[in-house]
Structures are given as structure tokens and as C-alpha cells.
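>
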Amino acid sequence: MNHSEEIKAKLDIVDVISQYLNLKPAGSNFRAVCPFHNEKTPSFMVSPEKQIWHCFGCGKGGDIFSFLMEMEGLDFVETLKMLAPKAGVVLDNNDFSENKNKNRLLEILDLSAKYYNFILTNDKVKNESSKKIRDYLLNRGLKTEAINRWGIGYSLNSYDDLINFLKNKKYTDNEIFLSGMSVKSEKGGYYNRFRDRIMFPIKDVNGRVVAFTARINPDNQNGDKSFGKYINSPQTDLYDKSRLLFALNLAKTAIKEKDAVIVVEGQMDAISAHEAGFKNVVASSGTALTVSQLNLIKRYTSNVILSFDQDLAGSSATDRGVAEALKNGLNLKIVSFKEGERGKDPDEIIRNNPKIFEEAINNSKNIIDYYLTKEIKSIDLNNIDQKNKSVNKILTVVNMLYNKVEQDFWIKEICQKYSVNESFLREQLSKIDKKVNKNDTFETNKKNGKNFVQASNVVQKNREDKLTELLFALTLRFPQNFDYLSNKLDLDQIPLKYRKFYELLVMYGNKNKGKLDYNQFLAYIKDETNSNNNLISLLNESWLLADFYLYGQDNNDLESKVKKELSNIVLEIKRLYYKDLIRQKESELIISEKNGQKDDILKILNELKELNDKLLKIN
3 MNHSEEIKAK LDIVDVISQY LNLKPAGSNF RAVCPFHNEK TPSFMVSPEK
53 QIWHCFGCGK GGDIFSFLME MEGLDFVETL KMLAPKAGVV LDNNDFSENK
103 NKNRLLEILD LSAKYYNFIL TNDKVKNESS KKIRDYLLNR GLKTEAINRW
153 GIGYSLNSYD DLINFLKNKK YTDNEIFLSG MSVKSEKGGY YNRFRDRIMF
203 PIKDVNGRVV AFTARINPDN QNGDKSFGKY INSPQTDLYD KSRLLFALNL
253 AKTAIKEKDA VIVVEGQMDA ISAHEAGFKN VVASSGTALT VSQLNLIKRY
303 TSNVILSFDQ DLAGSSATDR GVAEALKNGL NLKIVSFKEG ERGKDPDEII
353 RNNPKIFEEA INNSKNIIDY YLTKEIKSID LNNIDQKNKS VNKILTVVNM
403 LYNKVEQDFW IKEICQKYSV NESFLREQLS KIDKKVNKND TFETNKKNGK
453 NFVQASNVVQ KNREDKLTEL LFALTLRFPQ NFDYLSNKLD LDQIPLKYRK
503 FYELLVMYGN KNKGKLDYNQ FLAYIKDETN SNNNLISLLN ESWLLADFYL
553 YGQDNNDLES KVKKELSNIV LEIKRLYYKD LIRQKESELI ISEKNGQKDD
603 ILKILNELKE LNDKLLKIN
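Numbering (this note's numbering), first residue to last: 3 to 621.
#1: Examine the Cβ distances between the stretch 183-195 and the stretch 153-173 and report whether three or more of them are shorter than 8 Å.
#2: My assumption, with CB atoms under 8 Å, is that Y302 sits in contact with I257. Please give the rounded CB distance.
#3: Which residue marks the beginning of the beta strand (DSSP E) containing N333, and which one marks its end?
#4: Does the Cβ of E429 have 16 or more other Cβ atoms within 10 Å, making it buried, or fewer, making it exposed?
#5: Where does Q21 sit, in a helix, a strand or coil, going by DSSP?
#6: Return yes when the Cβ of I606 is within less than 8 Å of the Cβ of K587, no when it is not.
#7: Which residue's Cα is closest to the Cα of Q522: L478, L332 and Y486?
#8: Going by beta-carbon coordinates alone, are S476 and E415 separated by less than 8 Å?
#9: Touching or not, the stretch 6-13 and the stretch 51-67, by the rule of three or more beta carbon pairs under 8 Å?
#10: Look at the Cβ atom of I307, then the Cβ atom of V263, and state whether they are nearer than 8 Å.
#11: Compare the beta carbon distance of V265 and S294 with 8 Å and say whether it is the shorter of the two.
#12: Could you work out which residue in P481, R501 and N141 is closest to E561 when comparing CA atoms only?
#13: Of the residues L473, R210 and I538, which one's Cα is nearest the Cα of L573?
#14: Can you have a look at K611 and say buried or exposed, based on whether 16 or more other CB atoms are within 10 angstroms of its CB?
#15: Distance, Cα to Cα, P348 vs D271?
#16: Can the beta-carbon of S49 be found closer than 8 Å to that of C36?
#17: To which residues of the same chain is L518 closer than 6 Å at the C-beta, ignoring the five residues directly before and after it?
#18: So, L250 versus V284, is the Cβ gap smaller than 8 Å?
#19: Can you list, in chain order, the residues of its chain with a C-beta nearer than 8 Å to that of I110? Leave out the 5 residues immediately preceding and following it.
#20: What does a CB cutoff of less than 8 Å around L70 pick up in its chain, not counting 5 residues either side in sequence?
#21: Would you identify the three-state DSSP class for Y193, choosing helix, strand or coil?
#22: Roughly how many angstroms separate the alpha carbons of L618 and E609, rounded to a whole number?
#23: Excluding the 5 residues preceding and the 5 following E590 in the sequence, name in chain order all residues of the same chain whose CB lies nearer than 7 Å to its CB.
#24: Just reading off the alpha helix (DSSP H) that F310 is part of, what are its end residues?
#25: Starting from K186, follow its DSSP beta bridges and name the residues at the other end.
#26: In the stretch 268-301, which residue ranges form an unbroken alpha helix (DSSP H) of at least 4 residues, counting only runs that do not cross its ends?
#27: Out of G29, I15, E41 and S20, point me to the one whose CA is closest to L328's CA.
#28: Based on the DSSP secondary-structure assignment, which residues constitute the bridge partners of W55?
#29: In terms of residue numbering, what span does the alpha helix (DSSP H) encompassing F179 cover?
#30: Can you tell me whether DSSP reads R217 as helix, strand or coil?
#31: Going by alpha carbons, who is nearest to I273 out of S421, G143 and T289?
#32: Give a yes or no on whether the C-beta atoms belonging to S544 and N512 are separated by under 8 Å.
#33: Helix, strand or coil for E72? Go by DSSP, reduced to three states.
#34: Applying the criterion that 16 or more other CB atoms from any shown protein chain within 10 Å of the CB defines a buried residue, is K499 buried or exposed?
#35: At the level of alpha carbons, what is the spacing between I369 and I351?
#36: Would DSSP call P87 helix, strand or coil?
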């Protein structure tokens, strides 16, 4: 038994996942709202028996390792290191051999940060631009200690100084390129990615440098004008902008202690805040909050205070951040500064007067209150059209609130502010909710009178895929239907990507006379396919899918209900199969008619008649 198998044997997947999600019993399994996509109704299932999980909304699934890799943004080796102590497993160096290349890239990034910082801060560096940058930062209120603490540096206006420095440290051109620190020219050579810029190291939650944000030289006489004011490292194996929050490595302890996080836009906003004593601040690096960033936040707190820039772009980022945060069930507040207060962003405001920022944080408004205040100021309440649009905009945000008591409270507030009828508002809210739910990835099948086929629109797959997967799920859990399945469906009537699984399922069922043991069937798949991961994943998904649909069903005469449902599914798969063949023949007919191929036309017409006759028989 290798270390990963040993860890899985010693740790219970339910215990691990319940540290992140509110799991609730669902028969022999557990279910929760999925953390990997936006949904209101739980479609995330966990099987303690099989030690697997799957979401029927977004399609993600796997074991204890895949969950943590997805949730924490870790690779396999990092996950192994994280779980080993919890399982009492001692790892050896052989476990990390595959991580050698990644460590080399991390070393390059760390050395680059130190190199840039040395150029900026060391008096021995005789460079006029670096001295000007240092003076610029000091004039912005950053002390030398803070510059060093944050590792801020300067990239010379050179095409090869960093590359030569790293190559002297025995790193190759390709390694430097893969780290994101160089660019490959059309002629095949390499040159520095960053030139004449202020360098801000970006660190992951563990404090490792994984990328840089580079600000153009404010003096800008020799600066690289071919890009924008700020540029970031490219996406690499180490860096994905949407999955990181600047300063989280330093802020996470304070976030837990205060049970709140303050989110700003830029790196300088976060740095100024920390240096002024606001230790629970992170930066989204100039973008609206992403689902991955919100998942990071949810590890430490459910209370989010947004303090984005006061300009139009900042306002837009706030709006987008709000939507994602509310969909993820977070408690949200918005910081707004009084008119006349000096500063267009948190950095400038803090430098002018930290007390203003502190007061604004303490007086941050509930999300609905924020929008109400903002909307009332921006419209003419006597203009019916403006009033209607404004009300609908606020109701859209109210609809995102999970707490119904909160929704009721704000409906009454909107009534008062806009002088509108409450029943009208509730009717509008209901319309908005229905519209949103149409696009929701999950519709519950629990006690709603829908049969399995009707309710099979869970994952964003085509109908044929959904039906086929449900066919497998119900057959696996009711193996007495193996004979029925093999007699009613030909192999070519199954979608191509599922045929191998169907073939194995029927062969196994016939071999074992309608009896099925999960572990034995899993071993059978591994033996027959050399451990095909796609087929193993399909088995796990199908096993949980049956429980997902059967949960909440009346157990009276369940077997006959399933048999009937299987019959409906088989007929529908056949209909779709013949409809697809008819569409293909109709396309062939059009081509033949265009080309004047009379013999082919006659042949295709006969084939079409046969196919339509078969379809009619099914109907």
C-alpha cells in the first residue's frame, strides 16, 4: 500500500469534507451545497461507504485528494503533505520526486524577488532610476522596513540582467521561461519580461512567491510603454490570478481573529492598510472577486467587507464582487467614503488620514442598504421608468440573499423608500427568482412528483448523455434489471463515449447472473481496461447518481417503479437514436439532391422510410 492509499484508508472523507461544508444526511450518503459552482439547492453528494464525492451540478467529483486539491488550490504533493500528519503517515523523499520541477520554478521566483529588492534598496547599486523609485515609495509613506517586509523591488531597464543572474545560479533558459520571468522572442532567444518597473511579489497562502505585479516607472522617461500601467506575470503552473488574494498569507490569522476580511483592489491599498494596522486586509489585484477567491475567503470567515476604489471602475468591480459573494452565501458589507474625503482609493485615504478609513470600515453598510442609498440618490422618484428599473435592480440583489427573514426586512424597507405596494414587490421578486432558477444547474427531484427522466436535467449535458448516465445508475443499484437492459438496447444505440462502460456492465451482469458488488465490478473494470480512469469515474458518478435521485422517494413498490422508469429511459434513448439517424439521412438527401444523384436519392428515401417506421413503432 502506497502513502496515498494509506491516507485514504485512515481518513474518513466525510470528516475531511465536513470541515469545509455543512454536510447533511441523505439516506446512506451526505449532501451539501456545492462550493465549486453557484447553486441554491444541494447537488453535492458524498458517499462514506465508497469514500467518494460528486457534484451533479458542475460535474466535479473524486476522492479525498481531488476534493482538497480543488478546494485549496493545491497540487497532489501539497495535498499529500497536508493530509499525511492528520492520518499519522510519515512521508519520505521519494514521495516528492515529481515535485522537483515545481520547486525549481519556486526557487527562480524567490531569487528574482530578492534580486529586484536588492537593486531597489542597496546603496551599492549605482542606478539613478532605482534611487528615484526608492524616493518615490518613501514619499508615498512607505518606510524602508516596509519595502523590505513586502519584498518590493525594481526591475532595471535591461533585457537580460535578471536572466544572466539566474543562469549564473544554474537555472536554464527554459526553466526561467516556465517561471514567467522571461519572454521568448520570435528568433528563439529570451529577454526579461519586466523592465523599468516597480516589482510587487505575489505570494500564495503559504507565503511562497508565485508571481509579480509590475508598476510602470512613475518617472516614465525610460519606462516600457508597450504595456499598461500595471502588468502581471503570465498564468503558469504556479500562478492563476483568479485563485489568489494578495496578502492573504499575512492576513489570514487576523481574518480569523476578527472573523472578517476587508477586500481592496490593489496591492498598494493592501500594503498601506497593513502598515497602518489593518491586518485583515487582502487585495483582489484589480479584478472583481472570483468564485475561487471567495472559496479562499470562506476558509477563514463568512464576513466580507468590500472597499474598492471610489471611481467608476471600482464601482463596477463592487457590483460584480457582490453577485459572486452573495451567491456563495457570504455576509457582505460595502465601504463608502463621505463626499469631500481626500483620496480616490484606500491607499490614498489611509496615507492622508488612517482614521477616516477606520471610521468607514466601522460604518460599512449592509449590501442592500448600500444599494438603496446609492439608487435613491441617482434617480428621480417621480420618474416611473427610472423608479421601476431601480426597484428591479435592488430586488435582484435581495433575491441573492439566503436568509428569508432578511429578504422580508428589506422588502419592507424598499416599500418605504420607494412608496410602492408590498404585494407588488413580492410579485416582482417571485418573477426574478423564477428567471434565475431557470438557469440554475440543479432542480430537486425530492417528492415533487416528477419521474426520473423528467428530472434528469441536472448537469449541463445533452439529453442523451443524461439519460444514459441515469440508465447506468439505476441498473447498478437494481442489478436484477441486467437482462432487461441487455435485451432492449443494442450497443450502437448507446452514445459512443459510453459504449465501453455499457459493454462491461452487461458482460459483468450476465457473468454474475444479475448480482453486483461495487468493489468486484470496480476490480473488473480495472482488469479489463488497464485501470481506465474515465470509466472508474463514471462508475463512481453513476453509483452516487442513483442515490441522488432515489433520495426522498417512497420505498413502496420501488423496484417496479424503477423498472418502469428504466423502460421509459430505454424508449427515449431509442427515440433519440433514430431521430439522430434520420437527421443524418436528411442531410445526405440534401447533398444528393444538389448533386443530382438520382440513385442515391432513391436509396436514401427508402432508408428514411424504414427509420421513420421504426421511430413510429417506438412512439
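Beta carbons: idealized from backbone N, C-alpha and C, even for Gly.
Reading off the structure:
#1: Contact between the stretch 183-195 and the stretch 153-173 is present, because at least three Cβ pairs lie under 8 Å.
#2: That pair is a contact at about 4 Å.
#3: From DSSP, the beta strand (DSSP E) with N333 extends over N333 to I336.
#4: Exposed, by the Cβ-count rule.
#5: The answer is coil: DSSP assigns Q21 none of H, G, I, E or B.
#6: Contact flag set, yes.
#7: Ranking L478, L332 and Y486 by CA distance to the CA of Q522 puts L478 first.
#8: Residue identity differs from the one stated: residue 476 is Leu in this sequence, not Ser. With contacts defined as CB atoms closer than 8 Å, L476 and E415 fail to qualify as a contacting pair.
#9: The answer is yes - the stretch 51-67 touches the stretch 6-13, with three or more Cβ pairs under 8 Å.
#10: Yes, these two residues count as a Cβ contact at 8 Å.
#11: No. Outside cutoff.
#12: Answer by Cα proximity: P481.
#13: It is L473.
#14: Answer is exposed; the Cβ neighbour count stays below 16.
#15: The straight-line gap from Cα to Cα measures roughly 5 Å.
#16: Judged by their CB atoms, S49 and C36 are not nearer to each other than the 8 Å cut-off.
#17: Result list for L518: P481, in chain order.
#18: Cβ distance < 8 Å, so L250 and V284 count as in contact.
#19: Cβ neighbours of I110 beyond the five flanking positions: L168, Y173, E177, I178, S181 and M183.
#20: Taken in chain order, the residues that qualify are V18, L76, T81, M84 and L85.
#21: Assignment of Y193 by DSSP, reduced to helix, strand and coil, places it in the strand class.
#22: One C-alpha to the other measures close to 14 Å.
#23: Apart from sequence neighbours up to five positions away, the residues of its chain that approach E590 with a beta-carbon distance below 7 Å are I606, ordered along the chain.
#24: Premise fails: F310 is in no alpha helix (DSSP H) and is neither H nor E.
#25: In DSSP, K186 forms a bridge with Y192.
#26: For the stretch 268-301, whole alpha helix (DSSP H) runs of length 4 or above, ordered along the chain, are 269-277 and 293-300.
#27: That would be E41, whose Cα lies nearest to the Cα of L328.
#28: V48 and G64.
#29: Looking at the DSSP string, the run of the alpha helix (DSSP H) that includes F179 is D175 to L180.
#30: Note: R217 maps to strand in three-state DSSP.
#31: If we check each option's Cα against that of I273, G143 comes out closest.
#32: The beta carbons of S544 and N512 sit no closer together than 8 Å.
#33: Helix.
#34: By the 10 Å Cβ count, K499 comes out exposed.
#35: Here the alpha carbon of I369 sits roughly 22 Å from the alpha carbon of I351.
#36: In the three-state reduction of the DSSP assignment, P87 falls in the helix class.
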